[in-house]
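I have placed the structure first, in the form of C-alpha cells, so that the comments after it can refer back to it.
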Ligand SMILES: [Cu+2]
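In my numbering, the protein residues as written are 35 to 197.
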C-alpha cells in the first residue's frame, strides 16, 4: 500500500516537470507514444519565421506539411517558440481571415507561403530577434505533433533571400 502511494506521487512529480512548470499536461491516451518528432506519416519542411518590420507588430511563419499515407488528417494548430500566440490565417482577395483547421490528404503537400495560408505570430518575446532559429510545432486533430527548426529572418533578410 505504501509503495503504491509513493509510486503515484512520483508519477505526478515527473509529469509536472515534463512541461516546464506549467499546468500538468492531460494524461496521455492512445497517442501516448507520439512525441514532437513522430507524427506518423507526416513531413514538416521548409519552416521559417519572419520578424515584423516594426517591433510590436505580428511576425509571420511559413512551412510545408505533407502526409505520405493513412487516413485524411487535419492540421489544427501551430506553435512557435518565443511567440506567445500563433494563428493560422488565409489570405484571399486582399484580406485575410483566421483558419481553425486545414485538411491534409495523402500524397499532397499543404504550403503555408506568402499570399496564401500563413501563420501570424503575436506576443513576440524580444529574445526572438536574437535567435538564428526556433522550433515550429504543428498539431494534428489526432493530437500528434511534428516539429522543425525554423530559421528566423527579418523582412529585409527574407526579401534578400527571395531575389
Ligand atoms: Cu494573417
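Just so it is clear, CB atoms sit at the ideal spot from N, CA and C, and this is done for glycine as well.
Checklist entry - Cβ-heavy atom distance between residue 154 and ligand 1 below 7 Å? => result Translated into positions along the chain shown, residue 154 becomes position 120. Answer for residue 154: yes, Cβ within range of ligand 1.
Checklist entry - Which stretch, first to last residue, makes up the alpha helix (DSSP H) that contains residue 189? => result Numbered from its first residue, the chain shown carries residue 189 at position 155. From DSSP, the alpha helix (DSSP H) with residue 189 extends over 189-196.
Checklist entry - Counting Cβ pairs closer than 8 Å, one from the segment 81-98 and one from the segment 172-192, do we hit at least three? => result yes
Item to check | Buried/exposed call for residue 197, threshold 16 Cβ in 10 Å | outcome: Counting from one through the chain shown, the residue named residue 197 turns up at place 163. Label assigned to residue 197: exposed.
Item to check | CA nearest to the CA of residue 77, picked from 143, 165 and 132 | outcome: Along the chain shown, one-based indexing puts residue 77 at 43. Checking every option, the nearest Cα to that of residue 77 belongs to 143.
Next on the checklist: Using only the alpha-carbon positions, how far apart do residue 157 and residue 91 sit?
Outcome noted: For the purposes of this step, residue 157 is taken as the residue at position 123 of the chain shown. For the purposes of this step, residue 91 is taken as the residue at position 57 of the chain shown. For residue 157 and residue 91, the distance between alpha carbons rounds to 9 Å.
Item to check | C-alpha gap between residue 56 and residue 164, whole angstroms | outcome: As a working mapping, residue 56 is identified with position 22 in the chain shown. As a working mapping, residue 164 is identified with position 130 in the chain shown. Interpretation of residue 56 is limited by its pLDDT of 41, a score under 50 that renders its predicted location unreliable; the figure taken from the coordinates is listed afterwards. Roughly 25 Å separates the two Cα atoms.
Item to check | Inter-residue Cα distance where the pair is residue 130 and residue 103 | outcome: Here residue 130 refers to the residue found at position 96 of the chain shown. Here residue 103 refers to the residue found at position 69 of the chain shown. Going from the Cα of residue 130 to the Cα of residue 103 covers about 31 Å.
Checklist entry - Out of curiosity, what's the CA-to-CA distance linking residue 68 and residue 97? => result Position 34 of the chain shown, counted from the start, is the residue given in the question as residue 68. Position 63 of the chain shown, counted from the start, is the residue given in the question as residue 97. Low confidence applies here, because residue 68 scores a pLDDT of 39, under 50, leaving its location unreliable and the question unanswered by this model.
Checklist entry - Who are the near neighbours of residue 116 in its chain, counting only those whose CB is closer than 8 Å to its CB and skipping five residues on each side? => result The residue labelled residue 116 in the question sits at position 82 within the chain shown. The answer, listed in chain order, is 158, 159, 161, 162, 165 and 168.
Checklist entry - Out of curiosity, what's the CA-to-CA distance linking residue 64 and residue 178? => result Sequence index remark: in the chain shown, residue 64 carries index 30 (1-based). Sequence index remark: in the chain shown, residue 178 carries index 144 (1-based). Below a pLDDT of 50, predicted positions are generally treated as unreliable, and residue 64, at 40, falls in that range; no measurement from the model is reported.
Item to check | Per-residue burial, residue 107 [other beta carbons within 10 Å of its own, 16 or more giving buried] | outcome: The residue given as residue 107 occupies position 73 in the chain shown. Result: buried.
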